[in-house]
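Residue numbers (the working numbering): 33 to 356.
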Ligand SMILES: NC(=O)c1ccc[n+]([C@@H]2O[C@H](COP(=O)([O-])OP(=O)(O)OC[C@H]3O[C@@H](n4cnc5c(N)ncnc54)[C@H](OP(=O)(O)O)[C@@H]3O)[C@@H](O)[C@H]2O)c1
């Protein structure tokens, strides 16, 4: 069994704690918060055996094997490194880091400490993703020419870490990683060149982001992330011989239907997914730690993700403007 500690009382825990409990070889042992009142109230609310004051105190507990890090984005590298130093395996929320150099530091530390560190991209563990990749890999739509993908949701106007530049806010860093990782997964590598454009919020973060990625083999991708429109996710792949439409690519339901279009005919392919999302992510993590199974999201992939996201962000900041 993996005995887990959770750093912080984040909202996303509401999805992950039930998954940790459903997973076969995990046990939620402790939650840490910056304040005692919050730690104790949260542990009571979620029936977590131990409430801990301060994240380091939890890391110092030798009975904890693994930690889940759902902290604001700018704290991911710092607390992942602290957890590694304490000998813990780490499942860290996306984005793991804001640049490739920090992923390298994490990879070196994890390798020296012989612990697993994985960035949380739940969709990567779902059968729908595996089916999409196998169809494309088998040439179902011919050579891949373009990927069009995005993730938007309407951000609540109340205080939110996503609007705070000091906490690594912005739509690209929050949900842009989904279309970017999926695109790189389909293409098998990072782009040669990126372009980006954003609508900037008064706080300084991007509240809507459009990016374009160009790949060596002549393929392009369009990625979209945003806080200004209701929840919507999409992924379409265009090939030399057809197209593939993927419903709910980043949060698949228990049954999804892919649409594969070739020579003007549409084939509908039903894919059975998980009854509860996040459980496979946890069980794959258990397998990586307890059985030494290969990680699904490797640090090499996280390095590519961070590098591309950083390049897109930089491109939007620096873009020259040409008026029509
Ligand atoms: N995989 C997914 O589907 C998914 C979905 C949503 C979010 N996420 C990721 O999960 C992370 C958390 O997102 P969230 O929306 O759940 O966050 P949230 O509700 O705002 O919670 C963040 C937690 O971090 C702790 N914290 C430490 N320093 C803080 C500071 N200076 N300001 C605010 N909070 C601070 C707080 O815990 P204490 O006060 O208890 O210490 C707080 O509860 C982000 O990295 C996000 O990208 C992933």
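Beta carbons: idealized from backbone N, C-alpha and C, even for Gly.
Distance cut-off 7 Å: residue i Cβ against heavy atoms of ligand 1
| i | result |
| --- | --- |
| residue 105 | yes |
| residue 159 | no |
| residue 125 | yes |
| residue 65 | yes |
| residue 197 | no |
| residue 40 | yes |
| residue 44 | yes |
| residue 102 | yes |
| residue 202 | no |
| residue 152 | yes |
| residue 163 | no |
| residue 176 | no |
| residue 80 | no |
| residue 193 | yes |
| residue 312 | no |
| residue 156 | no |
| residue 264 | no |
| residue 206 | yes |
| residue 76 | no |
| residue 70 | yes |
Pairwise C-alpha distance: residue j and residue i
| i | j | result |
| --- | --- | --- |
| residue 129 | residue 33 | 28 Å |
| residue 246 | residue 340 | 11 Å |
| residue 106 | residue 199 | 5 Å |
| residue 204 | residue 345 | 8 Å |
| residue 85 | residue 64 | 6 Å |
| residue 202 | residue 186 | 13 Å |
| residue 238 | residue 266 | 20 Å |
| residue 80 | residue 337 | 33 Å |
| residue 348 | residue 227 | 7 Å |
| residue 310 | residue 51 | 6 Å |
| residue 277 | residue 163 | 12 Å |
| residue 215 | residue 184 | 16 Å |
| residue 294 | residue 327 | 34 Å |
| residue 58 | residue 298 | 42 Å |
| residue 274 | residue 158 | 24 Å |
| residue 301 | residue 316 | 25 Å |
| residue 94 | residue 109 | 21 Å |
| residue 124 | residue 296 | 43 Å |
| residue 148 | residue 268 | 33 Å |
| residue 319 | residue 234 | 44 Å |
| residue 154 | residue 210 | 10 Å |
| residue 132 | residue 335 | 5 Å |
| residue 253 | residue 83 | 45 Å |
| residue 73 | residue 137 | 35 Å |
| residue 118 | residue 37 | 13 Å |
| residue 168 | residue 175 | 9 Å |
| residue 116 | residue 88 | 12 Å |
| residue 101 | residue 220 | 28 Å |
| residue 324 | residue 356 | 56 Å |
Proximity winner among the options, relative to residue i (alpha-carbon distances)
| i | options | result |
| --- | --- | --- |
| residue 99 | 49, 70 and 76 | 49 |
| residue 71 | 39, 350, 51 and 44 | 39 |
| residue 357 | 97, 54, 335 and 75 | The structure shown has nothing for residue 357, since the chain only spans 33 to 356. |
| residue 54 | 108, 313, 325 and 350 | 313 |
| residue 263 | 182, 69, 331 and 37 | 182 |
| residue 306 | 293, 284 and 280 | 284 |
| residue 240 | 234, 301, 249 and 230 | 230 |
| residue 256 | 221, 102, 208 and 287 | 208 |
| residue 188 | 224, 175, 259 and 155 | 259 |
| residue 146 | 210, 67 and 97 | 97 |
| residue 351 | 242, 297 and 122 | 242 |
| residue 224 | 83, 171, 308 and 251 | 251 |
| residue 287 | 343, 73 and 161 | 161 |
| residue 364 | 138, 131 and 35 | This structure gives no information on residue 364, because the portion of the chain shown stretches from 33 to 356. |
| residue 46 | 330, 325, 308 and 331 | 308 |
| residue 322 | 44, 37 and 56 | 56 |
| residue 342 | 111, 135, 156 and 89 | 135 |
| residue 44 | 292, 67, 193 and 116 | 193 |
| residue 170 | 221, 271, 116 and 325 | 271 |
| residue 236 | 219, 213 and 196 | 196 |
| residue 180 | 144, 248 and 279 | 279 |
| residue 172 | 356, 292, 244 and 221 | 292 |
Expected contact under 8 Å - CB spacing of residue i and residue j to nearest Å
| i | j | result |
| --- | --- | --- |
| residue 126 | residue 151 | 5 Å |
| residue 141 | residue 113 | 6 Å |
| residue 165 | residue 91 | Incorrect: roughly 36 Å between the Cβ atoms, too far for contact. |
| residue 156 | residue 329 | 5 Å |
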